[in-house]
Amino acid sequence: MPTQIKFGTDGWRGVIADDYTFENVRRVGNAIAHYVHKNEDASKGLVVGYDTRFQSRNFAEAISETLASAGIKVRLADDYTPTPALSYAVKNLGATGGVVITSSHNPFNWNGVKYKAGYGGSGTPAIMKAIEAELHSPPLQKAGGNVTEVDFKTPYIAAITNFVDLEVIKKAGFRFAIDAMYGSGRGVLKSIFAANGIDHIEIRGEVNPSFPGINPEPIPPHVAKLQETVVLEQCQAGFAVDGDADRLGAVAEDGSFVDSHKCFCVILEWILKRKQWPGEIVRAYNTTRMLDRIAAKYGRTLHECGIGFKYICDLMLERDILIGGEESGGIGIRRHLPERDGILSSLLLANIMAEEERTLGQLVNALQQEYGPHYYGRLDLHLTNDVKEDAMSRAAEKPAHIGSFKVLDCGTLDGVKFYLDAPKNGNGAEAWVLVRASGTEPLLRIYAEAASPELVSQILSETEAFVKAAASRQAEVVAPTS
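Residues 2 to 483, numbered by our numbering, are exactly what the sequence shown covers, in order.
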C-alpha cells in the first residue's frame with residue numbers, strides 16, 4: 002500500500018528515506034501533471050527549482066522527468082535557487098506553474114515539494130486540494146515534454162533590486178551581516194551588496210546539507226551565530242533567511258533578535274509614510290496587533306486571515322492588497338509578487354535604515370514608542386497526538402481562565418485564540434495567546450503577545466501548563482465569544 006502523502010499549508014513535506022522517497026516525489030509530480038492538464042494551460046510548461054538539502058537536485062530531476070513524460074515542457078534550475086526566485090520565474094516566463102524541491106525551515110533530514118501557481122505565488126487552498134486529490138491517479142504518459150536548464154537567479158536579482166535605492170544604501174555607510182543558514186539564498190544578497198559597494202559579511206554561505214548545529218529557521222536559537230557576528234563585526238544590522246529564502250529574521254546592532262513582527266511593522270510604516278503606495282493590508286492570525294495600530298493611523302483596511310501564506314496570497318488575488326505577512330517571517334509585496342520573499346525584505350530593511358539614517362535597533366525602538374510596547378513569543382511543543390488532541394478539545398471549550406489570566410474573549414479562526422486580561426504598561430499590546438495544533442505532525446504551537454517580555458514568558462508558561470494538564474480536568478465556565 003502506498004505511503005500516505007498529506008499536504009500542509011504550502012505543499013508536502015516528509016522525512017528523507019522514510020516517506021520522502023523518489024517514488025513518492027514522482028507520485029506528487031504525477032498528481033501535479035494531472036492537475037495541470039485538467040485545470041491549466043499545460044502548453045505553457047512548468048519551472049522547477051531546488052534548495053541545498055540532501056539530494057534536492059536529484060529529486061528535482063526525478064520530478065522533472067515525471068512531468069516531462071506527461072507531455073509538459075519543464076525548465077529546470079541550473080543551480081540552487083531561492084523559492085521566491087522560482088516564483089518570479091513562473092510569472093516572468095509565463096509558465097503555468099512552478100515546483101520547488103525544499104523543506105524550507107525543517108531539520109536537515111526533511112525535504113518537500115512546494116507548488117507555485119501561474120501568478121507567481123503559493124497555490125491557493127483550492128489548487129492544493131485539487132493536486133492532493135490526484136495522488137492516486139495512474140501514471141500520465143503524453144508526448145511533447147522535455148527538460149531544459151535555465152538560470153532563474155539573474156532575472157530575479159534584477160527585479161528585486163528595482164524596489165530599492167542601492168546608491169542610498171551605499172552612501173549610508175552601514176555594515177550588514179548576512180546569514181544564508183546553509184540554504185539556497187547563499188550568495189544572492191552578498192552578490193547584490195558586493196556589486197554595489199555595500200559593506201557586508203556573509204556567514205554560513207557554504208553548501209552543507211546537514212545544517213550543522215541548526216535548523217535553517219531564522220529565529221533563536223538558530224540565529225545565535227548571526228547575533229555574535231553582528232556584534233563582533235560591528236554591523237548595524239544582520240539579516241537571516243531560511244532554507245529556501247522566502248522568510249527572514251533580523252538582528253539589531255547590539256546583537257538582539259528582531260522578530261518578523263517588528264520587521265513587518267518597520268517595512269509597513271515606511272511604505273505607508275514614505276512610499277504612500279495604495280492598498281489594503283493582510284496579516285496572519287498569529288501576528289502582532291501593532292500592525293492594526295499602524296494601519297489605523299494611516300487609514301488603511303487591515304484583514305486577518307488563517308495561518309499559511311496561501312491564505313494571504315488568496316486575498317492578494319481577490320482584493321487590492323498592498324502587503325501581507327505572517328508570523329514565521331514571510332512578507333510579500335503584491336506589486337512584485339503575491340509571494341513572501343526574505344531576500345527582498347532584507348533589502349527593504351537596509352533601504353529603510355539608509356533613508357531614515359537609523360540603525361535597525363533605533364527603528365524598532367521608535368515603533369515601540371509610537372505604537373506602544375509589543376513583545377512576542379512562541380513555544381513549539383512536541384506531544385503525542387492524544388495529548389495534542391486533548392489540549393485542543395479543552396481549549397475549544399473556552400475556559401474562563403488560562404492559568405492566572407482571565408479570558409476576556411475567544412476566537413477560532415485558526416486554532417483557539419484567547420484574549421487575556423493583563424497589564425498593558427500604558428499604551429502597550431492587548432495580551433493574547435493562541436493554541437494551534439499541527440495538522441501533519443505531533444506538534445502543538447503556542448503564540449503569545451503582551452506589553453512586556455516578562456508577561457509573554459508568563460503567558461507562555463501558564464498556557465503550556467494548560468496544554469499538558471490531565472485530560473480529565475474539566476473546562477471552567479465558558480467565556481464570552483466574539
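From the three backbone atoms N, C-alpha and C, an ideal C-beta is built for every residue, glycine too.
Check, Outcome
"How is Arg335 classed by DSSP in three states: helix, strand or coil?", "coil"
"For the beta strand (DSSP E) that contains Thr149, what are its first and last residues?", "Asn147 to Val151"
"Rounded to whole angstroms, what's the CA-CA distance from Met291 to Ala63? Just pull it up for me.", "45 Å"
"Can you grab the Cα-Cα spacing for the pair Tyr157 / Val365, in whole Å?", "29 Å"
"Are Phe153 and His337 touching if we call contact CB-CB under 9 Å?", "no"
"DSSP three-state call for Ile324: helix, strand or coil?", "strand"
"Look at the alpha carbon of Asn110 and the alpha carbon of Ala71, and state the distance between them as a whole number of angstroms.", "30 Å"
"According to DSSP, Phe258 sits in a beta bridge with which residue or residues?", "Val252"
"Are the CB atoms of Tyr89 and Asp52 within a distance shorter than 9 Å?", "no"
"Roughly how many whole angstroms lie between the Cα atoms of Ile332 and Phe265?", "7 Å"
"Can you tell me whether Lys486 is helix, strand or coil according to DSSP?", "Absent from the model: residue 486. The displayed extent of the chain is 2 to 483, so no value can be given."
"Taking only three categories from DSSP, how would you classify Val224?", "coil"
"In angstroms, rounded to a whole number, what distance separates the CA positions of Gly174 and Ala181?", "22 Å"
"Can you tell which of Thr97, Lys172 and Thr302 has the C-alpha that lies nearest to the C-alpha of Val37?", "Thr97"
"Decide yes or no for the touch test of the stretch 273-281 against the stretch 290-305: beta carbon pairs closer than 8 Å, at least 3 of them.", "yes"
"So what does DSSP say about Gly362, is it helix, strand or coil?", "helix"
"In the DSSP assignment, find the beta strand (DSSP E) that holds Asp180 and state where it starts and stops.", "Phe177 to Asp180"
"I'd like the span of the alpha helix (DSSP H) that includes Asn348, first residue to last.", "Before going on, a small fix: residue 348 reads as Leu here, not Asn. Unbroken alpha helix (DSSP H) run through Leu348: Gly343 to Glu357."
"Once DSSP output is grouped into helix, strand and coil, what is the label at Trp271?", "helix"
"Among all the DSSP beta bridges, which residues are the ones paired with Ala118?", "Gly98"
"Are the beta-carbon atoms belonging to Leu445 and Ala392 less than 9 Å from one another?", "yes"
"Would Phe310 and Glu133 qualify as a contact pair, given that the criterion is a beta-carbon distance under 9 Å?", "no"
"Exposed or buried, Val208, counting other C-beta atoms within 10 Å across all chains shown (16 or more means buried)?", "exposed"
"Taking the beta strand (DSSP E) that Ile308 belongs to, which residues open and close that run?", "First-last for Ile308: undefined, no H or E at that position."
"Just how far apart, CA to CA, sit Ile17 and Arg187?", "22 Å"
"Count the other C-beta atoms from every protein chain shown that fall within 10 angstroms of the C-beta of Ala78, then say buried if there are 16 or more, exposed otherwise.", "buried"
"Do we get a CB-CB distance below 9 Å when we pair Val224 with the residues of chain D?", "Within the model displayed, chain D is absent; a lone protein chain is all it includes."
"Would you kindly check if the distance between the Cβ of Gly146 and the Cβ of Tyr286 is under 9 Å?", "no"
"Cutting at 7 Å between CB atoms, please list the residues of its own chain near Lys425, excluding the five before and the five after it.", "Glu431 and Ala452"
"Hey, out of Ile102, Arg275, Ile199 and Leu350, whose CA is closest to Phe60's CA?", "Ile102"
"Would you mind sorting Ser405 into buried or exposed? The rule is 16 or more other CB atoms within 10 Å of its CB.", "exposed"
"Does the stretch 228-237 come close enough to the stretch 316-324 that 3 or more CB-CB pairs lie under 8 Å?", "no"
"Apart from the five residues just before and just after Thr464, which ones in its own chain have a Cβ nearer than 6 Å to its Cβ?", "Ile403, Val434 and Ile447"
"Can you tell me the Cβ-Cβ gap for Gly378 and Ala449, rounded? I've got them flagged as a contact below 8 Å.", "5 Å"
"Leaving out the 5 sequence neighbours to the left and right, which residues in its chain are closer than 8 Å to Ser458 when beta-carbon positions are compared?", "Gly378"
"Residues in its own chain within less than 7 Å of Thr4 by CB, not counting five upstream and five downstream?", "Asp20 and Asn25"
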